[in-house]
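**Student:** Let me begin by handing over the structure; questions about it come next.
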Amino acid sequence: MWIANVGADSIARIDPLAADPASTLEIHPAPPGGIHPREWRPGPDGRMWFSHRDPDRLLRIDLGASDWTQAIETVCGPKSVGAPDGLCGGPDGRLWFCNAGTSAIGRLETGAPDPAATLEFFTAPGLDTPYDLQDVGDFMAFTDKGGHVGRIAAGSPAL
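Counting in our numbering, the final residue of the sequence shown is number 160, and the numbers go up one at a time with none missing.
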């Protein structure tokens with residue numbers, strides 16, 4: 002099980018099925034921390050994705066790497082994403098995320114040679130700092146800080 006340990010500025014994994022789950026806890030970076038994860042999700046490409054703040058970026062981890070702490074890759078940095086938050090794989094095989102800093106919903110193709118080159122953003126009047134996103138079939142549903150609930154069609158985006 003993966004953890005975006007926001008309060009401790011780290012990401013971690015633990016095996017909750019082990020006889021002694023606490024003995025399997027792996028934290029990166031080691032305390033006192035130094036990364037600022039917001040949310041994590043398995044991506045359509047089989048890797049673990051994290052939204053990150055300060056600096057703003059999307060990270061992914063190759064779970065097949067012998068040392069996952071060395072396999073953390075920045076896919077998109079602060080020049081392309083702003084205050085990324087909630088993310089999840091969509092029914093279209095892309096990774097969707099909230100780009101709270103620009104009040105937009107973003108998506109990218111995780112399997113592309115350069116996923117950042119596939120970034121697309123969608124917004125609508127009244128969308129106010131989206132922060133949570135879920136796949137609900139043909140749509141991605143989201144909430145925002147203005148108290149709204151909205152949806153975006155995964156196949157032909159329209160808010």
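Beta carbons: idealized from backbone N, C-alpha and C, even for Gly.
Here the structure is a predicted model, which is why all the values come from computation and not from measurement.
Exposed or buried, which one is Pro30 when buried takes at least 16 other CB atoms within 10 Å?
**Tutor:** exposed
**Student:** In terms of alpha-carbon separation, which member of Asp46, Ile12, Arg14 and Ile28 lies closest to Asp115?
**Tutor:** Asp46
**Student:** Looking at the structure shown, is Pro43 part of a helix, part of a strand, or coil, going by DSSP?
**Tutor:** strand
**Student:** Do Val150 and Thr144 have their C-beta atoms within less than 7 Å of each other?
**Tutor:** yes
**Student:** What's the C-alpha gap between Ala84 and Ala20?
**Tutor:** 38 Å
**Student:** Assuming the contact rule is C-beta atoms closer than 8 Å, Gly87 and Asp133 should be a hit. Round their C-beta distance to whole Å, please.
**Tutor:** 4 Å
**Student:** Using the rule of at least 16 other Cβ atoms within 10 Å of the residue's Cβ for burial, across every protein chain shown, is Glu164 buried or exposed?
**Tutor:** Since the first residue of the chain shown is 2 and the last is 160, residue 164 is not available in this structure.
**Student:** Residues in its own chain within less than 8 Å of Gly107 by CB, not counting five upstream and five downstream?
**Tutor:** Val82, Pro85, Trp97, Phe98, Cys99, Asn100, Leu120, Glu121, Phe122 and Phe123
**Student:** What does a CB cutoff of less than 8 Å around Asp63 pick up in its chain, not counting 5 residues either side in sequence?
**Tutor:** Arg48, Trp69, Ala72 and Glu74
**Student:** Smallest Cα separation from Leu128: which of Leu59, Asp139, Ala118 and Gly102?
**Tutor:** Gly102
**Student:** Please list, in chain order, all residues of the same chain as Glu110 whose beta carbon is under 7 Å from its beta carbon, the five residues on each side excluded.
**Tutor:** Within the same chain, Glu110 has close Cβ partners Arg95, Pro116 and Thr119.
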